[in-house]
Amino acid sequence: MSERAAPFYCPYCGDEDLRPGEQGHGAWECGACNRAFKLSFLGLLTRGLVKERGHDRT
Ligand SMILES: [Zn+2]
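In this text, residue positions in the sequence shown follow the working numbering: the first is -3, and each later residue adds one.
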């Protein structure tokens, strides 16, 4: 299994002592505060497709 979305810091206590959780895909555990959390991909943002205003298009 490949985990591509790896957090660098715990979103709760900010520690770096993270390890893959046992609850499945995207699950992580923090060794510092003993919290388990899950990362999930929600989708791509559409605002990246909006053209910048003020761009010279003559
Ligand atoms: Zn933590």
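The C-beta atom is built at its ideal place from N, Cα and C for all residues, glycine as well.
These numbers come from a predicted model, not from an experiment.
DSSP places residue 2 in no beta strand (DSSP E); its state is neither H nor E.
For residue 26, the enclosing beta strand (DSSP E) covers residues 23 to 26. An exposed status is given to residue 9, since fewer than 16 other beta-carbon atoms sit within 10 Å of its beta-carbon. DSSP places residue 15 within a strand segment (E or B) once states are collapsed to three.
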